[in-house]
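Everything below concerns the one structure shown next.
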Amino acid sequence: MKKDLHPSDYREVVFKDMSNDEVFITRSTVAAKETIEIDGVTYPLVKLEITNTSHPFFTGKQKLVDTAGRVDKFRNRYGDRKKK
Numbered sequence: 082m083k084k085d086l087h088p089s090d091y092r093e094v095v096f097k098d099m100s101n102d103e104v105f106i107t108r109s110t111v112a113a114k115e116t117i118e119i120d121g122v123t124y125p126l127v128k129l130e131i132t133n134t135s136h137p138f139f140t141g142k143q144k145l146v147d148t149a150g151r152v153d154k155f156r157n158r159y160g161d162r163k164k165k
C-alpha cells in the first residue's frame, strides 16, 4: 500500500444497531461521541437506527415500530375500514 494513503483518524469503530443490539467492528473515519468496551478493548461507538440485521428487506420480516402511537391515532380517527 502507498504510504499516507488513509486519513490519520482511520481506526476501528463499533457500529451498533439500536433496534436489536447487534454490533459490528469495522475501520472508519466517522466521528464518534461515545465509546464502548468489547473484549477489554475500548472503541469509538456509532449508534444506528437500522442495519442489514434489522431491515425488513434483508431479514424478510416486517416489523412495525410505533413509538409515537401514530397507528392508534390513525385507527381512532378513521376507524377500521374493513368493517362493513
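For the sequence shown, position 12 matches number 93 in the numbering used here, and the numbering has no gaps at all. Note that beta-carbon positions come from the ideal geometry of N, C-alpha and C, so glycine has one too.
Asked: Within its chain, find whatever has a CB closer than 8 Å to the CB of Lys103; leave out the 5 residues flanking it on each side and keep chain order.; Found: Correcting the residue identity first, residue 103 is Glu in this sequence and not Lys. Once the five neighbours on either side are set aside, the close Cβ partners of Glu103 are Lys97, Thr132, Thr134, Ser135.
Asked: Can the beta-carbon of Glu115 be found less than 8 Å from the beta-carbon of Leu126?; Found: yes
Asked: Grouping DSSP H, G and I as helix and E and B as strand, with all else coil, what is Lys154?; Found: helix
Asked: When the Cα atoms are used, what is the spatial distance from Val122 to Gly150?; Found: 39 Å
Asked: Exposed or buried, Val95, counting other C-beta atoms within 10 Å across all chains shown (16 or more means buried)?; Found: buried
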